[in-house]
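Everything below concerns the one structure shown next.
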Ligand SMILES: [Zn+2]
Ligand SMILES: [Zn+2]
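Residue numbers (the working numbering): 1 to 105.
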C-alpha cells in the first residue's frame, strides 16, 4: 500500500486546517449571535431610532404589503422580519420625521 502515508498526511492536514480555522468559526458564531441579539432587541421594541435626526418613534410593527415581484402578501408584522410567504426582507425604511434612510437590522 504505497499511498497510505499520503492519505494519512491529507487527513492530518485537514485536521490541522480545521484546528487553525476554528477560532475564525468561533468568532463568526459570536458575531452572528451579536447581530441576532441586536435585531431581536429592535424587533421586540417595535421602534427603530433614526441615526440622522435621533427620532426614535419610527414604528416597525405595521400592516405591510410585500413588494416582491409576484407576491403582494399583506400582513401585520415587524418591518425587520421577512415576508412570511416569500421570505423577502426590507433592507431599509425612511425616517418618518426627517426622511433619511434607516438600515433595518
Ligand atoms: Zn412576499
Ligand atoms: Zn430622522
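For each residue, glycine too, the CB sits at the ideal point set by N, CA and C.
Whole-angstrom distance between residue 101 and residue 57, CA atom to CA atom: 14 Å
Rounded straight-line distance, which links the Cα of residue 91 to that of residue 103: 6 Å
The segment 73-86 in contact with the segment 36-54 per 3-pair CB rule at 8 Å: yes
Residue 60, buried or exposed, once every other Cβ within 10 Å from all chains shown has been counted against 16: The residue is buried, with at least 16 neighbouring Cβ atoms inside 10 Å.
Residue interval of the beta strand (DSSP E) (run including residue 60): It is not in any beta strand (DSSP E) - residue 60 carries neither H nor E in the DSSP assignment.
Reduced DSSP secondary structure (H/G/I, E/B, other) of residue 49: coil
Pocket of ligand 1 defined by Cβ to heavy atom distance under 5 Å: Every residue passing the under-5 Å Cβ criterion appears here: 66, 68, 71, 73, 83, 85, 86, 88.
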